[in-house]
Amino acid sequence: MADLLSKWRDGLFKTSKSAFGRLANLLGATEINQETWDELEALLIQADLGIETATDVIDSLQRIVRDRGLTRANELQSVLRSDLRSRLIAPPAMNWTAHPLVILIVGVNGSGKTTAIAKLGQRFCGEGKSVLFGAADTFRAAAMDQLQIWGDRLQVEVVAGAPESDPGAVAFNAIQSGIAHKVDLILIDTAGRLHTRFNLMEELKKIHRVVGKALAGAPHAVWLVLDATTGQNALQQARAFKEAVNATGVILTKLDSSAHGGMAFAIQRELGLPILFAGLGEKIEDLEPFNPEAFVDGILDS
Ligand SMILES: Nc1nc2c(ncn2[C@@H]2O[C@H](COP(=O)(O)OP(=O)(O)OP(=O)(O)O)[C@@H](O)[C@H]2O)c(=O)[nH]1
Ligand SMILES: [Mg+2]
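Quick note: the sequence shown uses my numbering, first residue 1, plus one each step.
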């Protein structure tokens, strides 16, 4: 447990050092006055919470201060911590009813899709599930090699196609193979694409449709991989992917290289999508189920 908490703390080091790092100074042994509120609001906006969330947090804290008759700024620290925790939802438990369970992994270029698939493969294999990877990123030959290397290492079957072959066909084959081998989980990797490129988003919709033809009800989930270093721009990406292929959850990667961890709040508020996993480092074991308490403690404890 201590291990897990230090993993979150280390992973969120940059975020906790950024805007959040000034909280301790701001919320010191002084009286709460208008300046406290103005500075706190500015700090929360700089910390990537988004303007709406920042305003909401201030309103809620002001209510608590009135109700409890608080006067000292340092009393706001614990109030803020519990308010921030309450704004993040814990990820729902994995639903394994479908067999095989098919999950489509989508996102812009370089967001960490293939790495996340390897990390998820390791996690679910460790939980005793049989896993298959579908390499429906036929755009770059290296992409298939990358997934194959992970597959070999994890002893997970990888279904790939010829370079530049139809990604929908690869996804279809992956599902057929998964059904034949009675695997528990099929993770389908897709090529990175800019959410603004119409043709590429149409191609993604097609992959989604083909997956549904290969197995009724599939994909059972669409996980959107967002790079935490991109900050607020990730929200635009998320909206486009949510609309195109009905993304059901978010994997927030590279929190360890980002000072923008606060965007987790904006993602939940503005998209209503749960954050399922958080990438806290480059190693295969550095993907953790999203944990609101550990997350808030990580960003506040600098
Ligand atoms: N520090 C850190 N690096 C990460 C994390 N996740 C992925 N990366 C790195 O990000 C880079 C891109 O990762 P990929 O998994 O190849 O990204 P992708 O989305 O599959 O990329 P495309 O297929 O080209 O769209 C790699 O160098 C990864 O090691 C993370 O959580 N933390
Ligand atoms: Mg990839």
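Cβ atoms here follow ideal geometry from the backbone N, Cα and C, with glycine treated the same way.
Whether residue i touches residue j by CB criterion (9 Å)
i: Ala47; j: Gly249; result: no
i: Leu76; j: Leu61; result: yes
i: Thr196; j: Ser111; result: no
i: Asp137; j: Met144; result: yes
i: Ile251; j: Leu280; result: no
i: Ala264; j: Leu4; result: no
Residue i beta carbon near ligand 1 (any heavy atom closer than 8 Å)
i: Gly192; result: yes
i: Phe231; result: Sequence check: residue 231 is Gly here, not Phe. Because no heavy atom of ligand 1 lies under 8 Å away, the Cβ of Gly231 does not count as near it: no.
i: Thr253; result: yes
i: Glu282; result: yes
i: Arg9; result: no
Buried versus exposed call for residue i [16 or more other C-beta atoms within 10 Å across all chains shown]
i: Leu194; result: exposed
i: His260; result: buried
i: His181; result: exposed
DSSP-derived helix/strand/coil call for residue i
i: Asp3; result: helix
i: Pro167; result: helix
i: Arg239; result: helix
i: Gly249; result: strand
i: Thr55; result: helix
i: Leu76; result: helix
i: Ala93; result: coil
Heavy atom of ligand 2 within 8 Å of residue i beta-carbon
i: Thr114; result: yes
i: Asp189; result: yes
i: Ala143; result: yes
i: Gln34; result: no
i: Gln146; result: yes
Own chain residues within Cβ distance below 8 Å of residue i, not counting five before or after
i: Gly28; result: Ala73, Asn74
i: Glu164; result: Thr138, Phe139
i: Ala169; result: Gly161, Val210
i: Leu271; result: Leu235, Ala238, Arg239, Lys242, Val250
Cβ neighbours of residue i in the same chain (closer than 7 Å, five flanking residues each side left out)
i: Ala218; result: Val102, Ile175, Val211, Gly212
i: Leu40; result: Leu26, Ile58
i: Val222; result: Leu104, Val106, Val245, Asn246, Ala247, Thr248
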